[in-house]
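Q: Below are the structure tokens for one structure; questions will follow.
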Amino acid sequence: MNKKTPTGLVQLLREKCAEHSLRLTPQRIAIYEALYGDTNHPSTDGIYRKIKKQFPSLSFDTVNRTLLTFAQIGLTGVVEGYGDPKRFDPNLKPHHHFRCMACGCIEDIYNDSFDRVPIPEKLRKQYAIRGKKVVLEGYCKTCQKKKQ
10 MNKKTPTGLV
20 QLLREKCAEH
30 SLRLTPQRIA
40 IYEALYGDTN
50 HPSTDGIYRK
60 IKKQFPSLSF
70 DTVNRTLLTF
80 AQIGLTGVVE
90 GYGDPKRFDP
100 NLKPHHHFRC
110 MACGCIEDIY
120 NDSFDRVPIP
130 EKLRKQYAIR
140 GKKVVLEGYC
150 KTCQKKKQ
């Protein structure tokens, strides 16, 4: 199955919903397609604005709860907003992030050395660590040019 096609997306969503006893609704399909089609780590508000015309009675809260449910069942990742709203990441491949401190853009980073950063023994004993992510912060190229 090619997960990049709309049919593949719906099939993956269908499988995950069935696995977790969730109904597959047109709203869930639209939210998932809007999420998957956005590589900029969208917020709930961004997804809500994309599909509001298609579903005028859809509430912001429903979109937010649906995205959080998608994260719980493994359809998306959550990128903490560092004081801003949560952002969602449909890219489930192992990767890290760069966050611009000026414009807030978040970009995916693939770097093997980040993957190999060791977790200190003390922390491994103290916590049940399930994963690790490196987040680099600074200024993107566009914001760097604005400062010059």
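Under the working numbering, think of the first position of the sequence shown as 10, with each following residue one higher.
Just so you know, even glycine gets a beta-carbon here, dropped at the ideal spot from N, CA and C.
Computed from a predicted structure; not experimentally measured.
1) Taking E146 as part of the beta strand (DSSP E), name the residues at either end of that continuous run.
2) Going by DSSP, what residues sit across from G86 in a beta bridge?
3) Which residue from V143, L67, R74 puts its Cα closest to that of R125?
4) Taking the straight line between their C-alpha atoms, what separation do you get for E116 and T85?
5) Please list the terminal residues of the continuous alpha helix (DSSP H) segment that includes C152.
6) Taking all protein chains shown into account, decide if Y119 is buried (16 or more other Cβ within 10 angstroms of its Cβ) or exposed.
7) Exposed or buried, P51, counting other C-beta atoms within 10 Å across all chains shown (16 or more means buried)?
8) Between the C-alpha atoms of C26 and V19, what's the straight-line distance to the nearest angstrom?
A: Here's the rundown:
1) The count along the sequence shown starts at 1 and reaches residue 146 at position 137. Its beta strand (DSSP E) spans residues 144-147.
2) Taking the first residue of the sequence shown as 1, we reach residue 86 at position 77. In the DSSP output, where bridge partners are listed per residue, G86 has D98.
3) For the purposes of this step, residue 125 is taken as residue 116 along the sequence shown, with counting starting at 1. Of the candidates V143, L67, R74, the one whose C-alpha sits nearest the C-alpha of R125 is V143.
4) Residue numbering aside, residue 116 sits at position 107 when the sequence shown is read from its first letter. Residue numbering aside, residue 85 sits at position 76 when the sequence shown is read from its first letter. For E116 and T85, the distance between alpha carbons rounds to 16 Å.
5) In the sequence shown, residue 152 corresponds to position 143, counting from 1. Segment 150-156, the alpha helix (DSSP H) holding C152.
6) The sequence position of residue 119 within the sequence shown is 110, counting from 1. Looking at its Cβ environment, which holds fewer than 16 other Cβ atoms inside 10 Å, Y119 is exposed.
7) As a first step, residue 51 is located in the sequence shown; it is residue number 42 there, counting from the start. So P51 counts as buried.
8) Numbered from its first residue, the sequence shown carries residue 26 at position 17. Numbered from its first residue, the sequence shown carries residue 19 at position 10. A direct Cα-to-Cα measurement between C26 and V19 gives close to 10 Å.
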